[in-house]
Amino acid sequence: MALSLERSITQDYVIELIKQHKRMKHIITILMLSLMSLGYSQNKNAKASLEVDGVCGMCKARIEKAAIRTKGVKSAVWNVDTHELKLIYDERKTNLDSISKKIAAVGHDTKLYKATDEAYNAVDPCCKYRDEQVVKDHQN
Ligand SMILES: [Cu+2]
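In the numbering used here, the protein residues as written are 491 to 630.
Take a look at the structure:
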C-alpha cells in the first residue's frame, strides 16, 4: 500500500516535470522566434542621411560631434556643400528623430527639427547659417 502510493506520487511528479519541460520548450521557442524577428527588423548598422544646415568647418565639427555623441550612432559625416549628414547607427538604440534633436540642441537646424533661438545664438559668429551675409561670405 505504502509502496504503491509512493510510486504514484513519483509518477505524478515525473509527469508534472515532463509537462513543465514541454511548457518551457514552448516558451523558449516563442522567445527565440521573437528575438529572431527583432534581429531581422532592426539593423545594427542602418544607413541614412539627414539634411542639416551649417556653413563651415566649425559647423561640421559641431554637427558631427553632436551626432556621434548620440548613443547608438557609429558614424557621422557632414558635407559642407550639400548639407547632407551621412549616418550609420544602431536602430535598436536610436533613430533619426533622436539624432536630429541632439543636433538641433547644439544650434543646427535639421530637416526634422529647428534649433531654438537660444541654441542658435550660442554658435560662433562665423557659423550663423541663418544670416545671408554669413552664408555669402563662405561661398568664395
Ligand atoms: Cu560654422
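Note that the Cβ used here is the ideal one computed from N, Cα and C, for glycine as well.
So, is residue i buried or exposed, given that buried needs 16 or more other C-beta atoms within 10 angstroms?
| i | result |
| --- | --- |
| residue 502 | exposed |
| residue 500 | exposed |
| residue 505 | exposed |
| residue 554 | buried |
| residue 599 | buried |
| residue 590 | buried |
| residue 612 | exposed |
Can you check whether the CB of residue j is closer than 8 Å to the CB of residue i?
| i | j | result |
| --- | --- | --- |
| residue 639 | residue 573 | Since the first residue of the chain shown is 491 and the last is 630, residue 639 is not available in this structure. |
| residue 532 | residue 581 | yes |
| residue 540 | residue 575 | yes |
| residue 549 | residue 619 | yes |
Rounded to whole angstroms, how far is the Cβ of residue i from the Cβ of residue j, which I believe are closer than 8 Å?
| i | j | result |
| --- | --- | --- |
| residue 538 | residue 577 | 5 Å |
| residue 624 | residue 616 | 7 Å |
| residue 579 | residue 564 | 6 Å |
Cβ of residue i within 7 Å of any heavy atom in ligand 3?
| i | result |
| --- | --- |
| residue 582 | You won't find ligand 3 in this model; what it holds is ligand 1. |
Check: What residues sit near ligand 1, counting only those whose C-beta is closer than 6 Å to one of its heavy atoms, in chain order?
Finding: 544, 545, 546, 548, 549, 616 and 617
Next item on the list: Pair every Cβ in the region 550-569 with every Cβ in the region 507-521, then say whether three or more of these pairs are closer than 8 Å.
Entry: no
Margin query: Tell me whether the region 581-601 and the region 497-517 touch, counting them as touching only if at least three CB pairs, one residue from each stretch, are closer than 8 Å.
Written below: no
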